[in-house]
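Visitor: One structure, pasted below without further comment.
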Amino acid sequence: MTQQATLEESTITAGEAEGQAVTVDDFLGGAIKLIQPKDGYRVSMDTVMLAASVPAKAGERVIEGGVGSAGAALCLARRVPGVQVFGLDIQDDMLAFAQRNIDHNQLGEQVQVAKGCITSRDIGEATFDHVMVNPPYLADGRGIRPPVESKGLAHMDSSAALSDWIKFCIHVVKNRGTVSIIYRADRVDEVIAHLHRRVGELKIMPLWPRLGAPAKRVIIQGRKGVHGAASILPGLALHGEVARYTREAEAILRDGAALDLKGFARQR
């Protein structure tokens, strides 16, 4: 995921700040190219890992709350031809980036975005096969809010609490549909508490910076209305001791492979 170019001001779409510097960055080995603000919210490895974990199939419908610049939605659509991805966001500037990225990657037949808040119930209940979210990692007042508004909203839950994000997931997904969340490892207990009795068969996947290091992120995935037991998966080391990425991480980040949580334990 390397910076490829900086666009001139004349290429910035309507609704973006005048003079805002942007970059074009490669994801999935160049299969997806994202136009992003140079300063402010930018797509990270977490986004790619979340998209890779969603077990969607062609013809199914996926919704992402807080779609941002559409990084996860586009990665999922590229990996699963025929899947339909719908994204919501409350920020007009990020929606402008998202729409431009959809057009730039020629995925308009699979990915759509619209303005909306995850605390509203405008989206019909139980209308999607899968839902994925990357909620703000910091509780309001628990850290220093980033100065750029888009980055601040992405990192600190001042407009919606973690419980609101999970209520959104449960509201929009069909019974037995999957809920996929990537979040801070030190707040995993909060996620599990909010999912309790509503989403079961939880699979908890630690993402370690490298072998022997504590996980900073976890992917938590379960199925609505299912009451199967939870399991902690072996986890995935992202960086090698010598190579930038481990072989498993490279397959996901560069080659667009799926992160199959259901089968991951059997592969170890």
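So for the sequence shown, the working numbering puts the first residue at -17; every next one is plus one.
Think of the CB as a built atom: it goes at the ideal place given N, C-alpha and C, for glycine as much as any other residue.
Since the model is a prediction, treat every value here as computed from it, not as a measurement.
Determine the extent of the alpha helix (DSSP H) in which residue 178 is found, giving its start and end residues.
Guide: Looking at the DSSP string, residue 178 is not in any alpha helix (DSSP H), and its letter there is neither H nor E.
Visitor: Looking at the strands, I want to know which residues DSSP matches up with residue 219.
Guide: 190
Visitor: Could you check if residue 179 is buried or exposed, using at least 16 other CB atoms within 10 Å of its CB as the buried criterion?
Guide: It counts as exposed.
Visitor: How is residue 232 classed by DSSP in three states: helix, strand or coil?
Guide: In the structure shown, residue 232 adopts helical secondary structure according to DSSP, grouped into three states.
Visitor: Report the CB separation of residue 112 from residue 44 in whole angstroms; it is logged as a contact under 8 Å.
Guide: So it is a contact: roughly 4 Å between Cβ atoms.
Visitor: How about residue 95 and residue 73: do their beta carbons lie closer than 8 Å?
Guide: no
Visitor: Alpha carbon to alpha carbon, what distance is there between residue 116 and residue 163?
Guide: 6 Å
Visitor: How would you call residue 202, buried or exposed, if buried means at least 16 neighbouring beta carbons within 10 angstroms?
Guide: Burial check for residue 202: the Cβ neighbour count within 10 Å reaches 16 or more, so the residue is buried.
Visitor: Residue 29 lies in the alpha helix (DSSP H); which residues open and close that run?
Guide: That run of the alpha helix (DSSP H) goes 27 to 35.
Visitor: Closer than 7 Å by C-beta to residue 145: which residues in its own chain qualify, once you throw out the five before and the five after it? Chain order, please.
Guide: 176
Visitor: Grouping DSSP H, G and I as helix and E and B as strand, with all else coil, what is residue 104?
Guide: coil
Visitor: In whole angstroms, what separates the C-alpha of residue 30 from that of residue 98?
Guide: Here the alpha carbon of residue 30 sits roughly 23 Å from the alpha carbon of residue 98.
Visitor: Taking the C-alpha atoms as reference points, what is the distance between residue 189 and residue 105?
Guide: 31 Å
Visitor: Just to confirm the assignment: which complete alpha helix (DSSP H) runs, minimum length 4, are found wholly within the region 42 to 79?
Guide: 53 to 61
Visitor: Can you check which of these residues, 191, 212, 35, 184, is closest to residue 222 by C-alpha distance?
Guide: Just measuring C-alpha positions, the residue of 191, 212, 35, 184 sitting nearest residue 222 is 191.
Visitor: Can you list, in chain order, the residues of its chain whose CB lies under 8 Å from that of residue 233, leaving out five sequence neighbours each side?
Guide: 239
Visitor: Helix, strand or coil for residue 224 per DSSP?
Guide: Coil, per DSSP.
Visitor: Using C-beta distances below 6 Å, list every residue in its chain close to residue 166, excluding the 5 sequence neighbours before and after it, in chain order.
Guide: 119
Visitor: In whole angstroms, what separates the C-alpha of residue 76 from that of residue 142?
Guide: Looking at the two C-alpha atoms, the distance is approximately 17 Å.
Visitor: Only counting the same chain, and skipping five residues up and downstream in sequence, which positions put a Cβ closer than 7 Å to that of residue 182?
Guide: 204, 205, 208, 209, 210
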